[in-house]
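Numbering-wise (the numbering used here), the sequence shown opens with residue 55 and increments by one.
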Amino acid sequence: MTQTHTHYEILNLAFPTSSSPSSTTLTKQQLKTAYHKALLQHHPDKTSSTSSPSTPTSIPPSSTTTNPDRKHTIDAITTAYKTLSDPRQRAEYDTRLRLERNNAQTSGPGGGDAHFHTGLEVVDLEDLRYEETDTETVWYRGCRCGDERGFLVTEEDLEREVEGGEVVVGCRGCSLYLRVLFAVGE
Numbered sequence: 055m056t057q058t059h060t061h062y063e064i065l066n067l068a069f070p071t072s073s074s075p076s077s078t079t080l081t082k083q084q085l086k087t088a089y090h091k092a093l094l095q096h097h098p099d100k101t102s103s104t105s106s107p108s109t110p111t112s113i114p115p116s117s118t119t120t121n122p123d124r125k126h127t128i129d130a131i132t133t134a135y136k137t138l139s140d141p142r143q144r145a146e147y148d149t150r151l152r153l154e155r156n157n158a159q160t161s162g163p164g165g166g167d168a169h170f171h172t173g174l175e176v177v178d179l180e181d182l183r184y185e186e187t188d189t190e191t192v193w194y195r196g197c198r199c200g201d202e203r204g205f206l207v208t209e210e211d212l213e214r215e216v217e218g219g220e221v222v223v224g225c226r227g228c229s230l231y232l233r234v235l236f237a238v239g240e
């Protein structure tokens, strides 16, 4: 079972809570210290191994040592540090992480595998414009990319997702997504 860790977990830092929504309380020095500790803790040359360093081997060290403490790669640690040290990237990452956690909580037990979409905005079906023709009924909304009908929801889309009460649609003109919540009237 593969478990993915957040950048905060990789660096052994606390994720900002809802009571302190801004992660700006984390100083550059705290971040740098956590980064160096993580590097030392998980670096292959710094971890203890059963084989002598002077013993040549044809098998990579990662397969000969099973150190339960070494669970993060140097690349993962570096990526975590770079992301969290840039204020803009950290804000985007925090937003994405909060959204994923909210989706996991609303998905219930065993859920949480909700797909993340860049630029996802949550709206109610009533917030979209409504158009009915002889052949179909659609709801639509303009997108910031300029497409006047970028987000288009058909009655068929709603019928297909009636149990969940929400449908995720992508913009026809760019990579943004819209989560549309709706309730079925009896």
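Glycine included, each C-beta is placed from N, C-alpha and C at the ideal position.
Rounded to whole angstroms, the Cβ separation of residue 126 and residue 59 is 7 Å, and the two are in contact under 8 Å. In the DSSP secondary-structure assignment, residue 208 is bridged to 192.
Take the alpha-carbon of residue 190 and the one of residue 130: they are about 49 Å apart. With 16 or more other CB atoms across the displayed protein chains lying within 10 angstroms of its CB, residue 195 is buried. Residue 232: member of the beta strand (DSSP E) spanning 231-235, first to last residue. Linking residue 224 to residue 148 through their CA atoms gives a straight-line distance of about 22 Å.
A straight line joining the alpha-carbon of residue 176 with that of residue 68 spans about 27 Å. The C-alpha of residue 82 lies about 7 Å from the C-alpha of residue 139.
Less than 8 Å separates the beta-carbon of residue 220 from that of residue 235. Judged by beta-carbon spacing, residue 179 lies beyond the 8 Å limit of residue 233, meaning their Cβ atoms are not closer than that value. The beta carbon of residue 66 sits closer than 8 Å to those of 88, 91 and 92, all from its chain and outside the five residues before and after it, given in chain order. The Cβ neighbour count for residue 184, taken over all protein chains shown within 10 Å, is under 16; the residue is labelled exposed. In the displayed model, residue 148 falls within a helix according to three-state DSSP.
Taken atom to atom, the span from the alpha-carbon of residue 96 to that of residue 150 is near 26 Å.
Under the DSSP definition of a beta bridge, residue 177 partners with 234.
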